[in-house]
Amino acid sequence: MPELPEVETVRAILEKRVVGKTVRDVLIRYEKIIKNTSSEEFAARLKGAKLTDISRRGKYLLFIFDKAILLSHLRMEGKYLLAADNPYSKHEHVVFFFTDGSELRYHDMRKFGTMHLFETTDLISVMESEPLKKMGLEPFDDRLTPDYLAGKIANSKRSVKSILLDQTIISGLGNIYVDEVLFLSRIHPAAPGGTLDRASLKLLIENVRIVLNKAIAYGGTTVKSFQATDEVSGRFQNYLMVHTKAECPSCHRPVSKIRVAGRGTYLCEHCQIKPAGADYL
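Here it is, written out as structure tokens:
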């Protein structure tokens with residue numbers, strides 16, 4: 129699933145390639161992707177709309193038009209392709225035709241992606257609407273502090289991995305980057321969040337930002353099928369420390385794969401000591 133660095137990479141590429149263009153027409157080939165309106169209304173509302181900006185909130189892309197805002201979540205396999213002449217594949221479900229003859233195609237093999245259209249240009253009102261209103265702070269938000277985290281997880285028995293994956297606490301983190309952050313912090317993924325002191329929370333926040341910044345710089349991670357646009361793949365998989373790896377880069381012992389918070393989890397059980405009583409589940 130594309131996480132924050134992958135979505136930010138897509139946003140940056142599309143910003144350069146399609147912002148400023150005007151929609152001539154919209155073709156919807158799989159209607160279930162459109163969630164809060166009919167496909168007919170979706171297409172009608174966007175015809176003639178000029179794309180003025182592309183933003184991001186957590187793992188969501190926000191296409192900001194001069195008369196509407198489109199919210200897009202890529203889910204497991206979604207990607208945007210810039211094309212005009214190639215025949216449509218069976219996995220291209222929404223096509224935006226621009227007045228300059230170019231096209232933007234939404235491609236999704238699993239059909240899990242979603243699109244919400246808001247008939248407003250007020251970004252704040254969209255942020256305060258479903259599905260965004262319950263989302264937690266962005267990882268780079270200055271308000272993300274040890275005190276903020278402590279207030280969210282005080283006395284919690286939930287694993288720290290479960291807490292970091294919780295989009296209502298911090299938005300944008302997913303399985304890959306949480307594994308990397310916890311290894312860098314030398315914290316066991318199953319450690320109860322409520323047992324972490326302020327120093328550990330401070331270290332977690334610092335390492336979240338370090339890992340995400342590096343991943344963004346390398347265009348995200350391609351572990352299975354992520355491509356930003358037009359066959360552009362990420363490169364951060366070449367710099368992963370434990371996720372999908374066989375050997376710990378620090379102690380050179382084998383990397384373990386366990387299950388925490390229902391997710392396959394990579395860690396070094398020598399460098400990340402399991403606290404007494406921690407539950408893998």
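For reference, each letter of the sequence shown is one residue, going 129 to 409 in the working numbering.
Built from N, CA and C at the ideal position, the CB exists for glycine as well.
Remember, predicted model here, so these are calculated numbers, not experimental data.
Given this structure, state the Cα-to-Cα distance separating residue i from residue j, to the nearest angstrom.
i	j	result
Gly229	Pro403	59 Å
Glu266	Pro259	15 Å
Arg363	Pro133	11 Å
Lys163	Pro215	26 Å
Asp270	Ser217	43 Å
Leu324	Thr248	42 Å
Pro317	Ser290	8 Å
Ser253	Leu310	35 Å
Glu136	Asp294	19 Å
Lys262	Asp250	18 Å
Round the Cβ separation of residue i and residue j to the nearest angstrom and send it over; I've been treating them as touching at under 8 Å.
i	j	result
Val138	Phe224	With 8 Å as the limit, Val138 and Phe224 do not qualify as a contact, their Cβ atoms being about 15 Å apart.
Met204	Arg233	The Cβ separation is near 18 Å, so there is no contact.
Ala177	Leu245	The pair is not a contact, with the Cβ atoms about 10 Å apart (cut-off 8 Å).
Ser328	Ile315	6 Å
Leu190	Ser183	4 Å
Arg286	His221	Not confirmed; about 36 Å, so no contact.
Asn335	Ser313	5 Å
Leu202	Pro130	5 Å
Asp108	Val151	Outside the displayed range of the chain (129 to 409) lies residue 108, so it cannot be described from this structure.
With 16 as the cutoff for other CB atoms within 10 Å, does residue i come out buried or exposed?
i	result
Ile298	buried
Glu231	buried
Cys399	buried
Gly390	exposed
Phe193	buried
Tyr367	exposed
Gly405	exposed
Glu256	exposed
Within a Cβ cutoff of 6 Å, which residues of the same chain sit near residue i, ignoring the five residues on either side of it in sequence?
i	result
Arg185	Leu260
Pro91	Because residue 91 is not part of the residues shown, which for the chain are 129 to 409, the question remains open.
Lys292	The amino acid occupying residue 292 in the given sequence is Leu; Lys does not appear at that position. Only Leu301, Val306 meet the Cβ criterion.
His235	Lys207, Leu209, His219, Glu220
Val388	Ser287, Lys289, Pro317, Ala318, Tyr408
Identify, in the order they occur along the chain, each residue of the same chain with its Cβ nearer than 8 Å to the Cβ of residue i, setting aside the five sequence neighbours on each side.
i	result
Val383	Val370, Lys373, Ala374, Glu375, Cys376, Tyr394, Leu395, Cys396
Ser353	With a pLDDT of 49 at Ser353, under the threshold of 50, the modelled position of this residue cannot be trusted, and the question is left open.
Give every residue of the same chain whose Cβ lies closer than 7 Å to the Cβ of residue i, excluding the five residues on either side of it in the sequence, and list them in chain order.
i	result
Ala282	Gly322
Asn213	As written in the sequence, residue 213 is Asp, which differs from the Asn given in the question. So the list is empty, once near-sequence residues are dropped.
Lys280	Ile297
Kindly indicate if chain B contains any beta-carbon less than 7 Å away from that of residue i.
i	result
Pro320	The structure shown contains no chain B, having only a single protein chain.
Is the region 374-393 touching the region 164-178, taking contact as three or more C-beta pairs under 8 Å?
These segments do not touch.
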